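Working notes, beginning with the structure itself.
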Amino acid sequence: MAALIAILLRDIRLATRRGGEMLTLVLFFVMIGVIVPFAIGPDRETLARLAPGIVWIAAFLSMLLGLDRIFRADDEDGSLLAFRHAAIPLEMIVLAKLVAHFALTALPLIVATPVLAILLGMEMGPFLATLVSLLIGTPALVAFGTIGAAVTVSLRRGGLIAPVLILPLCIPVLIFGVGTITVGGPAPLFLAALALVSVAAAPFCAALALRLADD
Amino acid sequence: MIELGQHAAFIVWAYLGVFIAMGTLIGLAILGDRRARGRLADLEARGIRRRSSGDSA
Amino acid sequence: MSLDTTRKANWFSRLAHPGAFMNWSGPMVWPLAGITAVLFVVGVWFALYASPPDYQMGDTVRIMYVHVPNAWLAQFTYAVMAVAALGTLVWRHPLADVSAKAAAPLGAVFTALALFTGALWGRPTWGTFWEWDGRMTSTLILLLLYLGIIALWRAFDDQLRAGRVIAVFTLVGAVNIPIVKFSVDWWHTLHQPASVFVAGGPRMPGSILTPLLIMTLAFTFLFLTLHIVSMRTEILNRRADSLERQHAARSPGA
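Structure representation (structure tokens):
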């Protein structure tokens, strides 16, 4: 457990030392919200109606953009090799990295959501629902992303291919995420179930892919 | 020719599309097979061959 | 007596050994191709000539005879890939990689054709080429999955490593397909409660069933033939690759 926390803190420290990436991701997230009104017009009613979808698409794309960094740096400096032969199972290390990635990419987006909500003219109710849906749903995005990143880590051109692979698998997250905001009903439960299962399964799939990638 | 009713164009296009695609698949399969055989024959002509032909690939 | 106990291969692994596979699959290609051709001739004759138009859909029902087999193969091919992925991961079978790699492009083409014929069927039946309906949407997502897997195969240089890693992803995809289907269905009922898909239910008269079954069989045999041929091609290519590598390693100046 202590080792896990150590890895988690290490990842967070490394990322905050560089800092730039996190800021870029948040900037990208907000920029999508800025661009959309130019594309569909500034009509407040239309924007408010589309806002949940726009926020989710923005979060979705930002998460895909950050995928490559989950294992890339560790692969390049050899830490990944050390992890594979560490005393603690690789699955646990991957879980720690998953949590770290969530804290580094998803949480900043959620913190930045109020900016998007104001720009898009969201009401208080939908805004809170959006926050909740992002909190429940982004772990699932991170989990699928971890699998995608693990599958493509041994590829030099993996940066573009991981998002393409992961996108079809993430469609249920998008559906239930937006569903949580716009309809409610069973959607939040489905979303939570999806997040739980994917977060539980992703470390095993990703660790398996990492092991097989350089035997 | 048989009468296909008012939507004949759709039916003809569906069949044409499917059979063109299938033809392409068959063509590519034959072409790929030829090319692979050609590569091996070429290697063999240059005296590079597998040590025992029954061994694993 | 105890010498031969270590390598007691069962019948399956003997059949599936790449060298053995080349031996037994070679003579099967032309007979399979022949059966496929006969099935297609009979199937098309039934589909376009010897079957009556449907009382509801009229002659557009004939599109179904090429649509349904492609839709079936779109899913069947993924099942083949998933089984091959298990073979790669559990038994480390050398032939399983080859099977999975050969199946992916075939599956993508069948899925694309299912969408193409579905659109051509939808236009006269529902008045639109594309309907965001549960089946069509999940077929589209399946197509994206196939294309991603093909891109992944092409991105790897080392095909052995590719086979193992892609096997993991293929299985993750296989587990996700039902979830995608479920979510898309839920999403669809949300936006459009009335079902547009009433035709083509289980109550199909025999006149439709005959061409449908023959065409499905024909396409399935076509898949089997093409799959075996492209597996053979892949094995030959790998042999050539390894020979070239050996030669390059042995030649002076390397």
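Residue numbers (UniProt numbering), protein chains in the order written: chain A, 1 to 215; chain B, 1 to 57; chain C, 1 to 254. Note that the Cβ used here is the ideal one computed from N, Cα and C, for glycine as well. For clarity, every value in this text was computed on a predicted model and none was experimentally measured.
Proximity winner among the options, relative to residue i (alpha-carbon distances)
| i | options | result |
| --- | --- | --- |
| Met22(A) | Ile166(A), Gly66(A), Leu128(A) | Gly66(A) |
| Met92(A) | Leu8(A), Ala193(A), Ile171(A) | Leu8(A) |
| Arg238(C) | Leu31(B), Tyr15(B), Ala36(B) | Ala36(B) |
| Val68(C) | Leu115(C), Trp24(C), Ser242(C), Val41(C) | Leu115(C) |
| Thr24(B) | Leu222(C), Ala249(C), Arg245(C), Trp30(C) | Leu222(C) |
| Val109(C) | Trp130(C), Thr189(C), Met64(C), Leu144(C) | Leu144(C) |
| Leu4(A) | Ile88(A), Leu50(A), Thr46(A), Leu61(A) | Ile88(A) |
| residue 260(C) | Pro124(C), Ala162(C), Ala79(C), His188(C) | Past the edges of chain C, shown from 1 to 254, lies residue 260(C), and the structure says nothing about it. |
| Leu61(A) | Phe38(A), Asp11(A), Leu25(A) | Leu25(A) |
| Ala174(C) | Phe83(A), Pro168(A), Gly177(A), Glu123(A) | Pro168(A) |
| Val197(A) | Trp126(C), Pro31(C), Ile179(C), Leu209(C) | Ile179(C) |
| Val151(A) | Ala213(A), Pro37(A), Ser133(A) | Ala213(A) |
| Glu45(A) | Ala86(A), Leu120(A), Leu134(A), Gly125(A) | Leu120(A) |
| Asp33(B) | Ser207(C), His227(C), Ala248(C) | His227(C) |
| Pro126(A) | Glu76(A), Val55(A), Pro186(A) | Val55(A) |
| Val34(A) | Ala51(A), Gly78(A), Met1(A) | Ala51(A) |
| Gln75(C) | Ala20(C), Gly107(C), Gly58(C) | Gly107(C) |
| Thr77(C) | Phe21(C), Ala249(C), Leu190(C), Tyr146(C) | Tyr146(C) |
8 Å Cβ shell around residue i - same chain, five flanking residues per side excluded
| i | result |
| --- | --- |
| Leu171(C) | Ala82, Ala85, Leu86, Leu89 |
| Ala192(A) | Ile136 |
| Thr146(A) | Ile70, Val94, Lys97, Leu98, His101, Ala202, Pro203, Ala206 |
| Leu131(A) | Ile110, Thr113 |
| Leu80(A) | Phe71, Asp74, Val153, Leu210 |
| Thr225(C) | Val29, Leu32, Ala33, Thr36 |
| Gly201(C) | Confidence at Gly201(C) is low in this model, with a pLDDT of 48, below 50, so the placement of that residue is unreliable and no value is reported for it. |
| Pro37(A) | Leu47, Leu119, Leu120 |
Supposed close pair residue i, residue j - CB separation, criterion 8 Å
| i | j | result |
| --- | --- | --- |
| Ala106(A) | Val153(A) | Not confirmed; about 20 Å, so no contact. |
| Cys205(A) | Val168(C) | 6 Å |
| Phe29(A) | Ala59(A) | 7 Å |
| Gly148(C) | Leu165(A) | 4 Å |
| Ile12(A) | Ala103(A) | 6 Å |
| Ser207(C) | Pro52(C) | 5 Å |
| Ile48(B) | His247(C) | 5 Å |
| Thr117(C) | Ala14(B) | 5 Å |
Span separating the alpha-carbon of residue i from that of residue j
| i | j | result |
| --- | --- | --- |
| Leu155(A) | Ile166(C) | 12 Å |
| Asp42(B) | Pro27(C) | 24 Å |
| Gly122(C) | Ala103(C) | 28 Å |
| residue 322(C) | Ala50(C) | Since the first and last residues shown for chain C are 1 and 254, residue 322(C) lies out of range. |
| Arg92(C) | Lys97(A) | 29 Å |
| Leu48(C) | Thr60(C) | 11 Å |
| Arg164(C) | Pro42(A) | 50 Å |
| Thr111(C) | Trp45(C) | 24 Å |
| Phe129(C) | Ala119(C) | 4 Å |
| Met22(B) | Val12(B) | 15 Å |
| Met215(C) | Tyr65(C) | 6 Å |
| Leu236(C) | Glu244(C) | 12 Å |
| Phe19(B) | Leu209(C) | 21 Å |
| Phe40(C) | Ile175(A) | 41 Å |
| Ile26(B) | Leu128(A) | 56 Å |
| Ala162(A) | Phe144(A) | 10 Å |
| Arg39(B) | Pro108(A) | 55 Å |
| Ala82(A) | Gly148(A) | 21 Å |
| Ser138(C) | Phe10(B) | 23 Å |
| Leu14(A) | Gly53(A) | 33 Å |
| His7(B) | Leu73(C) | 26 Å |
| Phe21(C) | Arg250(C) | 29 Å |
| Arg157(A) | His188(C) | 36 Å |
Same chain only: Cβ atoms within 7 Å of residue i, ignoring 5 sequence neighbours per side
| i | result |
| --- | --- |
| Pro105(C) | Ile150 |
| Pro172(A) | Leu194 |
| Arg62(C) | Ala47, Leu48 |
| Gly177(A) | Trp56, Ser133, Gly137, Leu191 |
Close-in-space but distant-in-sequence residues of the same chain around residue i (CB under 6 Å, 5 per side omitted)
| i | result |
| --- | --- |
| Pro188(A) | Thr180 |
| Trp24(C) | none |
| Leu64(A) | Pro163 |
| Leu113(C) | Asn70 |
| Gly19(C) | none |
Distance cut-off 7 Å: residue i Cβ against heavy atoms of the ligand GDP
| i | result |
| --- | --- |
| Leu213(C) | You won't find the ligand GDP in this model; it holds no ligand whatsoever. |
For the 8 Å Cβ check, are there 3 or more pairs between the segment 175-192 of chain A and the segment 147-163 of chain C? no
Three or more C-beta pairs under 8 Å: does that hold for the segment 229-243 of chain C against the segment 93-108 of chain C? yes
Are there three or more Cβ pairs, one per stretch, closer than 8 Å when the segment 34-54 of chain C is compared with the segment 192-206 of chain A? no
Check whether the segment 181-189 of chain C touches the segment 132-140 of chain C, counting contact only when three or more Cβ pairs, one atom from each stretch, lie closer than 8 Å. Output reads yes: the segment 132-140 of chain C touches the segment 181-189 of chain C.
Any contact between the segment 112-131 of chain A and the segment 24-41 of chain A? By contact I mean 3 or more CB pairs, one from each, below 8 Å. yes
Against chain F: residues of the segment 169-183 of chain A by CB proximity under 8 Å: The structure shown contains no chain F; the protein chains it does contain are A, B and C.
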